[in-house]
Amino acid sequence: MIANNLGGAAGQGPAAAGARPVHENVGILESNSFDMGHIDELAPDLRSLVSRRAALGPCYRLFYQKPLHLVRGRGCRLFDADGTEYLDMYNNIPSIGHSNPCVTKAVTEQLQLINTHTRYVHENILDYADELLGLLPRAIDQIMFMCSGSEANDLAVRCAQLYSGGEGIIVTAEAYHGNTALISGLSPSIGKDVPMGRTMRMIPTPDTYRLGTDHLGAWMCARIQEQIDDMRRHGIEFAGVLFDSIFSSDGVIPGNPGFLKPVIDLVHREGGVYIADEVQPGFCRTGAAFWGFERHGIVPDIVTMGKPMANGIACSAMAIKREVLKAFADGNPYFNTFAGNPVAMAAAKAVLSYLREGHMLEHVAEVGEALVRVLNEAGERHPMIGDIRGTGLFVGVDIVKPGTTEADRARAVRLIEVLREHRVLVSLCGPYGNVLKIRPPLVFGADDLDMFADALEASLSEIEHV
46 MIANNLGGAA GQGPAAAGAR PVHENVGILE SNSFDMGHID ELAPDLRSLV SRRAALGPCY
106 RLFYQKPLHL VRGRGCRLFD ADGTEYLDMY NNIPSIGHSN PCVTKAVTEQ LQLINTHTRY
166 VHENILDYAD ELLGLLPRAI DQIMFMCSGS EANDLAVRCA QLYSGGEGII VTAEAYHGNT
226 ALISGLSPSI GKDVPMGRTM RMIPTPDTYR LGTDHLGAWM CARIQEQIDD MRRHGIEFAG
286 VLFDSIFSSD GVIPGNPGFL KPVIDLVHRE GGVYIADEVQ PGFCRTGAAF WGFERHGIVP
346 DIVTMGKPMA NGIACSAMAI KREVLKAFAD GNPYFNTFAG NPVAMAAAKA VLSYLREGHM
406 LEHVAEVGEA LVRVLNEAGE RHPMIGDIRG TGLFVGVDIV KPGTTEADRA RAVRLIEVLR
466 EHRVLVSLCG PYGNVLKIRP PLVFGADDLD MFADALEASL SEIEHV
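In terms of this note's numbering, the sequence shown is residues 46 to 511.
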């Protein structure tokens with residue numbers, strides 16, 4: 046866990062349903078996307094491919110001012126159509142590395158046998174369910190499978206609402222939990238024009254760099270209580286909270302271990318359910334524990350997970366306490382055609398074996414500490430680095446105007462573009478769109494770190510006085 050520099054303005058007041066915090070929500074649709082107005086500046090082959098994307102409609106976005114045409118990957122490295130090699134410091138989905146042979150082997154072998162749905166009996170789903178539940182708290186004893194994190198969170202919210210008897214869900218002001226109709230209404234980071242659900246409420250981003258408090262848990266409890274009270278004034282019963290324990294879209298906010306415990310205690314006293322969105326912090330990502338919520342000594346009522354569990358194969362899950370699922374299952378059958386199919390389960394089993402046999406938790410903790418040392422050393426030389434926070438291989442770097450805590454989004458965007466020129470791929474997050482979001486595949490190693498250190502130093506030096 047990296048110490049934060051605390052200071053700056055006090056936190057914002059409570060955010061009601063559909064409202065935004067006092068800063069402008071940057072939104073994931075306003076990241077460093079390619080501007081189609083510059084398509085004529087691209088090389089002919091790339092211009093042709095980008096032009097053909099018109100058939101996909103206008104919703105899709107491309108990273109970078111000059112889009113990347115990637116054709117293969119291995120471990121933490123990606124290669125474009127010209128053979129140029131890049132270091133992937135962003136994609137958590139291929140959690141055990143791009144094109145990991147153990148996943149390829151497992152998927153290929155299963156595809157040669159059968160791939161069907163859960164209305165037939167198959168060993169893969171049963172074996173994997175037993176293994177995964179064995180890694181969760183004893184109270185969480187049932188599991189269901191889906192194809193995406195969005196679907197897992199959608200079902201989790203429905204279960205929480207039926208169990209609690211309420212509708213109101215609380216999230217943070219920059220949360221991203223998925224893109225179904227229900228979950229996009231609980232994902233304010235999608236963009237400031239996306240309507241939020243009528244019964245949802247937001248609390249401000251728990252920005253440890255700017256809040257000016259050493260008592261983050263107490264601060265969050267106060268904000269949550271305000272929103273529960275506001276719900277009840279409007280005739281909305283509280284159902285629970287949906288949190289990613291590292292608050293990744295909020296700017297990567299791991300906080301001190303344990304700060305979430307009083308928060309979840311409050312949620313339970315008020316009759317709510319705690320849904321732990323582990324799509325990003327789960328499966329050894331934090332280096333401190335297999336699950337992100339374990340850093341806080343708490344037991345969720347529901348745990349959701351997504352594609353990193355199968356290295357990018359369409360697979361997700363909702364693990365849940367038996368009594369919470371019963372409220373939903375008594376009147377609602379659930380069937381998802383390709384959820385839990387034998388091929389997806391084979392991939393997920395291969396990932397779990399790789400994590401265990403490779404002592405991945407210890408590796409992530411060790412290499413994560415080395416990554417932070419590199420970032421801290423860079424921060425000593427370059428004052429645009431205002432704060433470094435994270436745990437394991439999930440780190441946020443706050444890019445600021447030197448000598449202040451004021452976010453410098455323009456320089457952050459420039460930095461990731463220059464890093465791309467130095468063949469390192471990262472992206473941005475946070476309410477101001479100025480936080481480098483660093484989360485490479487878990488197989489990130491010493492050679493990768495050396496390449497990143499060199500590229501970071503060159504990039505920071507290049508934009509220092511721009």
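Here a beta-carbon is modelled for each residue, glycine too, at the ideal position from N, C-alpha and C.
| query | Does the separation of the CB atoms of Thr-349 and Asn-198 fall below 8 Å? | reply | Residue numbering aside, residue 349 sits at position 304 when the sequence shown is read from its first letter. Residue numbering aside, residue 198 sits at position 153 when the sequence shown is read from its first letter. In terms of Cβ geometry, Thr-349 and Asn-198 form a close pair [threshold 8 Å].
| Tyr-254, buried or exposed, once every other Cβ within 10 Å from all chains shown has been counted against 16 | Here residue 254 refers to the residue found at position 209 when the sequence shown is read from its first residue. Classification for Tyr-254: buried.
| query | Which value, in whole angstroms, describes the spacing of the CA atoms of Asp-133 and Leu-397? | reply | Translated into the one-based positions of the sequence shown, residue 133 becomes position 88. Translated into the one-based positions of the sequence shown, residue 397 becomes position 352. Straight-line Cα distance between these residues: approximately 22 Å.
| query | What residues in its chain sit with their C-beta under 6 Å from that of Phe-338, if we drop five residues either side in the sequence? | reply | As a working mapping, residue 338 is identified with position 293 in the sequence shown. Once the five neighbours on either side are set aside, the close Cβ partners of Phe-338 are Ser-290, Ala-321, Pro-345.
| said: To test your reading of the DSSP string, which unbroken alpha helix (DSSP H) runs of 4 or more residues are found completely within the region 260-319? | reply: 261-278, 306-314
| said: Can you look up Gln-155 in the DSSP assignment and give me helix, strand or coil? | reply: The residue labelled residue 155 in the question sits at position 110 within the sequence shown. Helix.
| Apart from the five residues just before and just after Val-13, which ones in its own chain have a Cβ nearer than 8 Å to its Cβ? | Nothing about residue 13 can be read from this structure; the chain reaches only from 46 to 511.
| Residues bridged to Leu-178 (per DSSP) | Reading the sequence shown from its first residue, position 133 is the one you call residue 178. Beta-bridge pairing links Leu-178 to no other residue.
| Between the Cα of His-222 and the Cα atoms of Leu-113, Lys-111, Gly-351, which residue gives the shortest distance? | Counting from 1 along the sequence shown, the entry for residue 222 is found at position 177. Comparing Cα-Cα distances from His-222 to each of Leu-113, Lys-111, Gly-351, the minimum goes to Gly-351.
| message | What residue range does the beta strand (DSSP E) around Cys-204 cover? | response | Here the question's residue 204 lines up with position 159 in the sequence shown. In this chain, Cys-204 is not harboured by any beta strand (DSSP E); it is covered by the alpha helix (DSSP H) spanning 194-209.
| message | Which of the three DSSP states is assigned to Ala-226 in this structure? | response | Looking up residue 226 in the sequence shown gives position 181. Note: Ala-226 maps to helix in three-state DSSP.
| message | Using C-beta distances below 6 Å, list every residue in its chain close to Gly-213, excluding the 5 sequence neighbours before and after it, in chain order. | response | Here residue 213 refers to the residue found at position 168 of the sequence shown. Residues Thr-244, Met-276, Ile-281, Phe-283, Ala-284 of the same chain have their beta carbon placed closer than 6 Å to that of Gly-213, with the five preceding and five following residues left out of the count.
| said: If you reduce the DSSP assignment to three classes, tell me which class Ala-100 lands in. | reply: The residue labelled residue 100 in the question sits at position 55 within the sequence shown. The answer is helix: DSSP assigns Ala-100 an H, G or I state.
| query | Which class does Glu-130 belong to by DSSP, given the choice of helix, strand or coil? | reply | One-based indexing of the sequence shown puts residue 130 at position 85. Looking at Glu-130 - three-state DSSP - the assignment turns out to be strand.
| request: For Ile-273, I'd like the list of residues in its chain whose CB is within less than 6 Å of its CB, leaving aside the five on either flank, ordered along the chain. | output: Here the question's residue 273 lines up with position 228 in the sequence shown. These residues qualify, in order along the chain: Phe-283, Glu-315.
| query | Looking at C-beta atoms only, is the number of pairs between the region 169-177 and the region 326-338 that lie closer than 8 Å three or more? | reply | The answer is no - the region 326-338 does not touch the region 169-177, with fewer than three Cβ pairs under 8 Å.
| query | So Arg-122 is in the beta strand (DSSP E); what residue range does that whole segment cover? | reply | As a working mapping, residue 122 is identified with position 77 in the sequence shown. Segment 122-125, the beta strand (DSSP E) holding Arg-122.
| field | Where Leu-74 falls: helix, strand or coil (DSSP) | value | In the sequence shown, residue 74 corresponds to position 29, counting from 1. Unreliable placement is indicated for Leu-74, whose pLDDT of 45 sits below 50; the coordinate value is still reported in the next sentence. In this structure, Leu-74 counts as helix in the three-state DSSP scheme.
| message | Quick test of the definition: if touching needs 3 or more C-beta pairs under 8 Å, does the region 368-388 touch the region 426-435? | response | Counting C-beta pairs closer than 8 Å gives fewer than three between the region 368-388 and the region 426-435, which falls short of the contact rule.
| Supposed contact pair Ile-343 and Leu-311 - C-beta distance, whole angstroms, cut 8 Å | As a position in the sequence shown, residue 311 is number 266, starting the count at 1. As a position in the sequence shown, residue 343 is number 298, starting the count at 1. In fact, because the Cβ distance is near 12 Å, the residues do not count as touching under 8 Å.
| field | Asn-224 versus Pro-240, Leu-177, Gly-210, Ile-215, residue with shortest Cα-Cα distance | value | As a first step, residue 224 is located in the sequence shown; it is residue number 179 there, counting from the start. Of the listed residues, the one whose Cα sits closest to Asn-224 is Pro-240.
| Cβ contact check for the region 482-489 and the region 403-418: 3 or more pairs under 8 Å | Three or more beta-carbon pairs separated by less than 8 Å link the region 482-489 to the region 403-418, which places the two stretches in contact.
| query | According to DSSP, what are the bridge partners of Cys-360? | reply | Taking the first residue of the sequence shown as position 1, residue 360 is located at position 315. For Cys-360, which the question treats as bridged, DSSP gives no partner whatsoever.
| task | Determine the closest residue to Tyr-319 out of Tyr-477, Ala-100, Pro-307, with distance taken between C-alpha atoms. | result | The residue you call residue 319 lines up with position 274 of the sequence shown. Ranking Tyr-477, Ala-100, Pro-307 by Cα distance to Tyr-319 puts Pro-307 first.
| query | Would the beta-carbon of Val-440 fall within 8 Å of that of Val-297? | reply | Taking the sequence shown and counting its residues from 1, the one referred to as residue 440 is at position 395. Taking the sequence shown and counting its residues from 1, the one referred to as residue 297 is at position 252. Going by C-beta atoms, Val-440 is nearer than 8 Å to Val-297.
| query | Near Leu-501, which residues of its chain fall below 6 Å by C-beta distance, leaving aside the five closest residues on each side in sequence? | reply | On the sequence shown, residue 501 is found 456 positions in, with the first residue counted as 1. Hits under 6 Å: Ala-423.
| task | For His-143, write down the residues that DSSP places opposite it in a beta bridge. | result | Taking the sequence shown and counting its residues from 1, one reaches residue 143 at position 98. The partner list for His-143 (beta bridge, DSSP) reads Gly-120.
| said: For a quick check, are the C-beta atoms of Ala-27 and Val-152 less than 8 Å apart? | reply: Since the first residue of the chain shown is 46 and the last is 511, residue 27 is not available in this structure.
| message | For a test of the three-state rule: what should DSSP assign to Lys-446, helix, strand or coil? | response | Walking along the sequence shown from the start, residue 446 turns up at place 401. Three-state DSSP puts Lys-446 in coil, outside helix and strand.
| By DSSP, does Leu-438 sit in helix, in strand, or in coil? | Sequence index remark: in the sequence shown, residue 438 carries index 393 (1-based). Note: Leu-438 maps to coil in three-state DSSP.
| How about Arg-367 and Glu-130: are their beta carbons less than 8 Å apart? | Within the sequence shown, residue 367 is the residue found at index 322, counting from 1. Within the sequence shown, residue 130 is the residue found at index 85, counting from 1. No; because the gap between Cβ atoms is not below 8 Å, this pair is not in contact.
| field | Contact check, Glu-219 vs Pro-476, beta carbons under 8 Å | value | One-based indexing of the sequence shown puts residue 219 at position 174. One-based indexing of the sequence shown puts residue 476 at position 431. Contact flag set, yes.
| task | Taking Leu-177 as the reference, give the member of Gln-206, Ile-309, Arg-401 with the closest Cα. | result | As a first step, residue 177 is located in the sequence shown; it is residue number 132 there, counting from the start. For the residues Gln-206, Ile-309, Arg-401, the minimum Cα distance to Leu-177 belongs to Arg-401.
| Helix, strand or coil at Asp-499 [DSSP, three-state] | Sequence index remark: in the sequence shown, residue 499 carries index 454 (1-based). In the structure shown, Asp-499 sits in a helix (DSSP, three-state: H, G or I).
| request: Measuring alpha carbon to alpha carbon, tell me which of Ser-472, Leu-464, Cys-474 ends up nearest Ile-508. | output: On the sequence shown, position 463 is the one that residue 508 refers to. Of Ser-472, Leu-464, Cys-474, the residue nearest in Cα terms is Leu-464.
| message | What does the Cβ neighbour count give for Leu-166, buried or exposed, with the cut at 16 atoms within 10 Å? | response | One-based indexing of the sequence shown puts residue 166 at position 121. For clarity, residue 166 is Val in the given sequence; the question names Leu instead. Classification of Val-166: exposed, given that the 10 Å Cβ count is below 16.
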